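In our numbering, the protein residues as written are 22 to 245.
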């Protein structure tokens, strides 16, 4: 499973960047980070079971050799020893494969890309609603949602922004963050992306005299 490597200093830096970027716009910027957007246990389990089945099939071609080996190891050998060997070794293969499947790099290979995209999007939309980003006065909130295991970023702009700023411009900002995740420079690139958001929002949504800070500037760290 991916780990969220954000120190207190990193979080403060991001919070300060959000505050600075919002100082000249009526837009609101929210950031959320999660280790993973979904529990992919079903895919990890199927992978491990298929691996165990493949192991069992391959080893079935070597029954005679294994039986000879067991006979040389045990004076009182019986066929039960062979059954135990196959049962225990297959179980161990399944357990090891399941453990390996929980390593982020392998997990990304096991879970189909389409499923990862869907699950990250669903989780981002859910947080968009739960955190109140959708509920700003002029519908000018944006959510930067980062899912580390999948190495995906969703940038969701509320309706007030979507009518004026194309998704293509947001996609360019998303790529900045994804690049940071891959290089291990999440904080650096996230701050850069937030500044780009601020510039874009300032152009279309300049600060109002009665502007208030409607959303927290702190990063939301989510479990799932």
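Every residue, glycine too, gets a C-beta built ideally from N, C-alpha and C. Computed from a predicted structure; not experimentally measured.
Could you tell me which of the options sits nearest to residue i, measuring between CA atoms?
i, options, result
"residue 213", "163, 182, 195", "195"
"residue 67", "109, 218, 128, 95", "128"
"residue 199", "174, 113, 124", "174"
"residue 63", "242, 119, 161, 154", "119"
"residue 215", "232, 30, 50", "50"
"residue 193", "85, 209, 218, 80", "218"
"residue 72", "176, 242, 241, 131", "131"
Going straight from the alpha carbon of residue i to that of residue j, what length do you get?
i, j, result
"residue 244", "residue 55", "6 Å"
"residue 133", "residue 122", "13 Å"
"residue 191", "residue 74", "45 Å"
"residue 220", "residue 165", "15 Å"
"residue 89", "residue 104", "14 Å"
"residue 197", "residue 168", "14 Å"
"residue 97", "residue 124", "42 Å"
Should residue i go down as buried or exposed, given a rule of 16 or more other Cβ atoms within 10 Å for buried?
i, result
"residue 65", "buried"
"residue 108", "exposed"
"residue 126", "exposed"
"residue 147", "exposed"
"residue 179", "buried"
"residue 226", "buried"
"residue 206", "exposed"
"residue 30", "exposed"
"residue 170", "buried"
Could you pull the DSSP bridge partners for residue i from this structure?
i, result
"residue 175", "166"
"residue 55", "168, 243"
Could you spell out where the alpha helix (DSSP H) holding residue i opens and where it closes?
i, result
"residue 130", "125-131"
"residue 134", "134-151"
"residue 237", "Run containing residue 237: none; DSSP gives neither H nor E here."
"residue 160", "From DSSP, residue 160 is part of no alpha helix (DSSP H); its letter is neither H nor E."
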